[in-house]
Amino acid sequence: MDEPRSIVSQVMCLHFRARLVLLYAGFLLGCLQPYQRPPVTQSPQADSAQVAVIPDTTSLPAIVPEVISKIDTSFAAPLATEDKVEDKIVTQFKDNRIAVQVAIVPQESRRALGERILHDPSTWQALPAASVKTDSGEYLDAPFAWLNYEAKKKALQQVFPQDIEHDEGWVHIVQHKGETMWAIAEIFTGEGNKYPEIERANNLPSHSPLSRGQRIRIPANLLSKSLRDPSSAEFVELPQDTLSAPAAIARAAEKPVSHDPDLKFRKIGGEWFGVYKLRRGEALYSAVVVRFTGRVDADEVNQIARQLMRINNIRDETAIPAGTSIRIPLRLIDEALLTAEEEEAPLAQVRRGPGKLHVILDAGHGGNDPGTMVRGWREADLAYDLMRRLQGELEQRGVVVHSLVSSRPGRAAMSNGYNDKRHRYVLVTPPYLIEDSRVALNLRINLIDAIYERLLAQGVSPANIILISIHLDHLHPSVNGAMVYFPGAKERTESYGAWWDGVYARYAESRRRTISFVAKENRQAESASENFARSLIAAFRRSRVPVHTYEPIRQYVYRGGRKWTPGIIRYSRVPTSILLEAANLANRGDHDNMRSTAFRQRFTEAVAKAIAAEK
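Quick note on numbering: my numbering labels position 13 of the sequence shown as 13, and the sequence is numbered without any gaps.
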């Protein structure tokens with residue numbers, strides 16, 4: 001019995017000693033914990049995508065994977081227990097854009113989320129329905145331009161941690177490779193075309209290159225309303241800078257009137273709705289969203305379709321019975337379908353003068369900008385092919401063609417084989433090799449104006465000059481056919497340009513050029529361009545070229561919660577100016593058509609016939 005007693009005693013002694021060691025170790029850890037060095041985060045690389053999940057602090061962002069829709073949960077999870085959910089955001093700066101994802105509070109409604117993060121909470125229904133779930137919580141994409149002051153400030157602190165906010169405005173420190181003054185203006189003022197004002201405020205030459213560490217001051221009067229500190233005494237305006245025109249109409253109109261007889265209006269719960277009865281075989285996406293909201297971009301069509309499903313209590317969009325009344329909030333309805341408050345007096349149709357027709361031809365993108373790409377086919381290549389074919393058809397009909405772009409720097413004659421697949425130069429003096437798409441666009445605009453002035457000086461009638469810019473789109477797959485955009489008179493500013501130095505001073509056509517507009521001429525240009533667009537669509541139909549089902553002629557592009565007129569026609573003084581979207585490459589039928597040489601030839605012949613009929 002003595003031996004067993006000895007073994008038990010030894011075991012008990014060892015157990016006691018082990019407990020003492022554990023207690024002592026715990027004591028030491030407790031004492032040392034306050035003095036532990038916090039984990040080190042890697043400084044952001046200026047030329048990479050910046051993504052961060054952080055609380056409301058000014059700490060530097062950490063680098064996590066590039067795709068913002070797939071949040072790095074291994075990074076986000078540890079913070080989930082420390083930060084308030086409503087303080088967490090994910091930000092990314094890439095391609096001169098800020099993308100934001102905000103954390104959703106458990107059981108939080110979209111309306112409550114909108115009130116928390118949006119500058120205009122009444123637009124909460126425009127938030128996407130889909131969210132991203134991670135180990136650290138649920139996140140939702142939110143356009144930076146829509147955010148309120150607090151949310152925008154958090155996002156900016158993460159991608160531009162060195163920036164300084166003060167009473168006189170905002171000081172931005174250039175941090176990322178490739179930052180442009182246009183992008184800075186777009187982020188801080190809400191409008192990229194305000195960059196000349198920022199350049200003047202900083203005494204900078206026009207289009208001077210930016211360098212890392214450079215300080216750019218954005219005066220308070222230029223900041224977007226949503227970036228002005230709401231605690232400031234002068235901030236007394238109601239937040240309206242994110243409202244679309246239909247939303248403004250909705251507040252003022254007693255009863256809207258639709259140009260489409262199938263769309264009726266009813267007031268429900270104090271809000272106006274357009275009501276449409278779905279017909280047999282019609283789909284929510286094309287027959288309702290595309291037709292009545294003017295949206296054709298794939299993401300926006302899907303987002304609005306999800307909103308309408310919630311509003312109308314639709315669970316399955318593929319099983320909606322014929323005759324179902326679909327309610328559409330007035331703020332989402334295409335402005336073109338609503339009767340304007342004041343109609344301008346109709347203008348006389350433009351009559352062509354004696355002499356030859358002159359057509360200024362452009363193909364979109366080019367150089368290192370391929371445009372949209374679908375299954376190996378590039379927009380730039382197809383647009384250039386269409387432009388070259390159209391040039392040949394027009395010259396055979398005696399029309400004088402002025403090309404804006406070429407595959408070679410010289411103004412060489414066409415080759416019948418269309419061997420040059422892509423344009424690489426804007427034909428200014430000297431030719432510009434397309435490396436920056438924004439510079440290329442501005443040079444095109446100045447070149448158009450220079451050609452127009454030269455033709456007027458030669459005695460050519462303005463009515464005998466036409467501008468056509470050819471593009472292809474990547475829209476919702478349900479959308480097919482050609483569309484034509486024309487410039488609205490009210491979309492033009494009083495002047496454009498004044499490139500007196502910087503990159504534009506190198507080219508004869510943009511050096512010291514200011515393009516000025518007159519209201520009456522703008523109205524005449526709107527009328528002439530719309531009339532030509534109608535003639536072109538009619539020619540397509542006669543040639544059995546597919547056109548957009550509901551609205552093939554448009555003034556605006558709706559995208560990213562905004563609407564705008566493409567710059568190349570918006571800033572053109574040519575009385576007849578259009579942008580032609582030849583097809584939707586995301587639509588299988590359109591894609592197959594554009595792959596066909598015979599179809600592309602038939603397409604350009606239809607355009608040439610429409611132009612020749614103008615004489």
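For glycine and all other residues, C-beta sits at the position ideal for the given N, C-alpha and C.
Name the one or two DSSP bridge partners that residue i has.
i    : result
W272 : K267
I465 : H358
Q101 : V90, D141
T514 : G497
D316 : None, per the DSSP bridge assignment.
I553 : V484
S572 : Beta-bridge pairing links S572 to no other residue.
E581 : H471, M483
I559 : This sequence places Arg at residue 559; Ile is not what is there. The partner list for R559 (beta bridge, DSSP) reads R562.
L433 : Y425
V547 : A482
K164 : Residue identity differs from the one stated: residue 164 is Ile in this sequence, not Lys. Note: I164 sits in a beta bridge opposite V171.
L147 : L118
With H, G and I counted as helix, E and B as strand and the rest as coil, what does DSSP make of residue i?
i    : result
S109 : coil
G169 : strand
P329 : strand
T604 : helix
K225 : helix
G366 : strand
N96  : coil
S403 : strand
Y425 : strand
K152 : helix
T372 : coil
D473 : strand
Q45  : Legend: pLDDT at Q45 = 33, less than 50; position of this residue unreliable, value from coordinates given subsequently. If DSSP states are grouped into helix, strand and coil, Q45 belongs with coil.
K277 : strand
L204 : coil
L127 : coil
V159 : helix
S211 : coil
S258 : strand
V460 : coil
Which value, in whole angstroms, describes the spacing of the CA atoms of residue i and residue j?
i    : j    : result
H365 : G371 : 6 Å
I54  : A145 : Reliability of the predicted coordinates at I54 is poor, the pLDDT of 32 falling under 50, and no value is obtained from them.
R37  : K88  : Unreliable placement is indicated for R37, whose pLDDT of 35 sits below 50; the coordinate value is still reported in the next sentence. Taking the straight line joining both Cα atoms gives about 24 Å.
G497 : N193 : 10 Å
P209 : N96  : 15 Å
V105 : E138 : 8 Å
R422 : W377 : 12 Å
I164 : N148 : 18 Å
T123 : P354 : 53 Å
I468 : A363 : 9 Å
R352 : H548 : 28 Å
A489 : S136 : 50 Å
W272 : I326 : 13 Å
Q92  : A155 : 9 Å
P575 : P462 : 7 Å
K70  : A103 : Bear in mind that the predicted position of K70 carries a pLDDT of just 34, short of 50, making it unreliable; the figure below should be weighed with that in mind. Their Cα atoms are separated by approximately 14 Å.
Q307 : R110 : 11 Å
Can you give me the start and stop residues for the beta strand (DSSP E) that residue i sits inside?
i    : result
L390 : No beta strand (DSSP E) holds L390; the alpha helix (DSSP H) holding it covers 379 to 396.
T189 : Run containing T189: none in the beta strand (DSSP E); it sits in the alpha helix (DSSP H), 181 to 189.
I216 : 215 to 219
V174 : Here V174 belongs to no beta strand (DSSP E), and DSSP marks it neither H nor E.
R562 : 562 to 564
T134 : 132 to 134
Please report the Cβ distance between residue i and residue j, rounded to the nearest whole angstrom; I am assuming they are in contact, meaning their Cβ atoms lie under 8 Å.
i    : j    : result
L585 : L472 : 6 Å
F265 : L337 : Not confirmed; about 11 Å, so no contact.
I314 : I466 : Actually they do not touch by this definition, with Cβ atoms about 45 Å apart.
E427 : V399 : The residue you asked about is not Glu; residue 427 is Leu in the sequence shown. That belief does not hold up - the Cβ atoms of L427 and V399 are roughly 18 Å apart, past 8 Å.
R534 : I553 : 6 Å
L394 : A608 : 5 Å
P409 : Y384 : That pair is no contact at about 15 Å.
G502 : S206 : 4 Å
I568 : I578 : Actually they are not in contact, since the Cβ atoms of I568 and I578 sit about 10 Å apart, beyond 8 Å.
E581 : A482 : 6 Å
Can you tell me where the alpha helix (DSSP H) with residue i in it begins and where it stops?
i    : result
P196 : 195 to 201
R541 : 519 to 542
V452 : In the sequence on display, residue 452 carries Tyr and not Val. Looking at the DSSP string, the run of the alpha helix (DSSP H) that includes Y452 is 437 to 457.
L308 : 298 to 311
R492 : Careful: R492 lies outside any alpha helix (DSSP H) and carries neither H nor E.
R588 : 588 to 595
At least one CB of chain C closer than 8 Å to the CB of residue i: is that the case?
i    : result
I553 : Considering every chain present, this structure includes no chain C. It has just one protein chain.
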